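Those sequence lines, one after another, are chains A and B.
Numbered according to my numbering, the first sequence terminates at residue 218, and the numbering increases by one at each position without gaps.
Numbered according to my numbering, the second sequence terminates at residue 218, and the numbering increases by one at each position without gaps.
Written below as structure tokens is the structure these notes are about.
Protein chains: 2
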Amino acid sequence: MADDRELQEAVARFVRAFGLHRPDQTPCGQPIPTSEAHALGELARDGALRQSELAQRLRLEKSTTSRLVTQLINRGWAERAPAPGDGRGVLVELTPHGVNAAARLAEARAKRFSAVLDRVPEGERAGVLRALTILTEAIDET
Amino acid sequence: MADDRELQEAVARFVRAFGLHRPDQTPCGQPIPTSEAHALGELARDGALRQSELAQRLRLEKSTTSRLVTQLINRGWAERAPAPGDGRGVLVELTPHGVNAAARLAEARAKRFSAVLDRVPEGERAGVLRALTILTEAIDET
DNA sequence: ACTATGTGGTTGTATGGTCGAACCATGGCG
DNA sequence: CGCCATGGTTCGACCATACAACCACATAGT
Chain A
77 MADDRELQEA VARFVRAFGL HRPDQTPCGQ PIPTSEAHAL GELARDGALR QSELAQRLRL
137 EKSTTSRLVT QLINRGWAER APAPGDGRGV LVELTPHGVN AAARLAEARA KRFSAVLDRV
197 PEGERAGVLR ALTILTEAID ET
Chain B
77 MADDRELQEA VARFVRAFGL HRPDQTPCGQ PIPTSEAHAL GELARDGALR QSELAQRLRL
137 EKSTTSRLVT QLINRGWAER APAPGDGRGV LVELTPHGVN AAARLAEARA KRFSAVLDRV
197 PEGERAGVLR ALTILTEAID ET
């Protein structure tokens, strides 16, 4: 199919336009690395997580995750605690400070995204959301 | 709107699922850095480009672009030539070798993307493509 | 013409990202 | 009680990007 080629270019353009190639800041312009932002999001939404669980969700290697968590801790946003029932594991949890940071981040993100959504024609919004989800699922199955 | 939040998460999941956080390889598993792949794509599609033009398309700083081009040259995929009519400029062009590499890359990409598209329900395909385009345009306007 | 300012590139510096391998501690099992 | 698997940490190597300083050429204005 020739759709392939179009999809490729569409994805590439999207990535670039959204600034996803800049590792040092979120697409929302917040001066915090993308990975940290994603981690913060997961922890804010679901509470304490095992480090290994976090790695899985972020699709990162355990070594990378370890370092990432250390960075969050250095910012005073998270803490490590022994995992209950498993002496090897580590539980990562946001500090009140971290919860706060996550909230600020979410707000900035919401602002940016709603600005973007505003430019999306009313009737297309649901479709856009739906398409991204479908695409992600398709990728996951591959 | 609450759509914001959903869009955020949809994008984040998409980025991770597609492996866009790995700068050292394309989402298609090719052992070539994402940026080089994108550059190769532009040059293969539109022929020789001014380095500044390439920077603009890839949304990169001129310094980054300069280095990127140097890498392509080191691989034997591109050449620099003086820009006609402007003693300052540089024209970047693929070598036959580079054209070849671009073709191989495009093939691998097509393979991956068509696999993904296969998982997208028939009736949704057009919508997915359309959504990405609309979203990219919306981002550009922001 | 000659100077002032702008544009295109290159190089140096600093930051951030990711992985894989080596290594340690704890858990689970025959 | 050994043996192998699992969760983490640390180290080394590689890539990406931006910003600033610096050079060369272009262009406009006096």
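The beta-carbon is built from N, C-alpha and C at its ideal position, and this holds for glycine as well.
No experiment lies behind these values; they were computed from the predicted model shown.
Determine, using beta-carbon pairs with one atom in the segment 118 to 137 of chain A and one in the segment 123 to 131 of chain B, whether at least three such pairs fall under 8 angstroms.
no
Whose Cβ in chain A lies nearer than 9 angstroms to the Cβ of Leu-134 (chain B)?
Arg-92 and His-97
Start and end residues, beta strand (DSSP E) containing Glu-169 (chain B):
166 to 170
When you compare the segment 198 to 205 of chain A with the segment 166 to 176 of chain A, are there three or more beta-carbon pairs, one atom per stretch, that lie closer than 8 angstroms?
no
With 16 as the cutoff for other CB atoms within 10 Å, does Ala-115 (chain A) come out buried or exposed?
buried
Residues, ordered as in the chain, of the segment 159 to 181 of chain B that lie near chain A by beta-carbon distance below 9 angstroms:
none
DSSP on Leu-125 (chain A), reduced to helix/strand/coil?
strand
Among A:Gln-106, A:Leu-144, A:Phe-90 and A:Ser-139, which residue has its Cα nearest to the Cα of Glu-155 (chain A)?
A:Leu-144
DSSP beta-bridge partners for Ala-154 (chain B)?
B:Leu-170
In three-state terms, what does DSSP make of Leu-205 (chain A)?
helix
Sequence-distant residues of its chain with Cβ nearer than 6 angstroms to Leu-148 (chain B) (five each side left out)
Ala-154
Can we say the segment 80 to 96 of chain B touches the segment 181 to 193 of chain A, given the rule of at least three CB pairs closer than 8 angstroms?
yes
So, with DSSP's three-state summary, where would you put Thr-102 (chain B)?
coil
Find the residues of chain A that neighbour Gly-117 (chain B), judging by a C-beta separation of less than 9 angstroms, and give them in chain order.
Gln-84, Glu-85 and Ala-88
Looking only at its chain, what residues have a beta carbon closer than 8 angstroms to the beta carbon of Arg-164 (chain B), apart from the 5 residues adjacent to it on each side?
none
Determine whether the Cβ of Asp-194 (chain A) lies closer than 9 angstroms to any Cβ atom of chain B.
yes
Please list, in chain order, the chain A residues whose beta carbon lies closer than 8 angstroms to that of Asp-216 (chain B).
Ala-93
Under 8 angstroms by beta carbon: chain B residues contacting Arg-185 (chain A):
Asp-80 and Gln-84
When we look at the beta-carbon of Arg-89 (chain A) and count the other beta-carbons within 10 Å, is it buried (16 or more) or exposed?
buried
Let me confirm a value: Ala-179 (chain A) is counted as buried when at least 16 other C-beta atoms fall within 10 Å, else exposed. Which label applies?
exposed
Residues of chain A with CB under 8 angstroms from Thr-212 (chain B), in chain order?
Ala-86, Arg-89, Phe-90, Ala-93 and Phe-94
Is it a yes or a no for the segment 87 to 101 of chain A touching the segment 90 to 109 of chain B, going by three-plus beta-carbon pairs under 8 angstroms?
yes
Check Gly-117 (chain B) in the structure and name its three-state DSSP category.
helix
Give a yes or no on whether the C-beta atoms belonging to Gln-106 (chain B) and Arg-185 (chain B) are separated by under 9 angstroms.
yes
To which residues of the same chain is Gly-95 (chain B) closer than 7 angstroms at the C-beta, ignoring the five residues directly before and after it?
Pro-103
Mapping the DSSP letters down to three states, classify Ile-149 (chain A) as helix, strand or coil.
helix
Pick out whichever of A:Glu-213, A:His-97 and A:Leu-134 has its Cα sitting closest to the Cα of Arg-135 (chain B).
A:His-97
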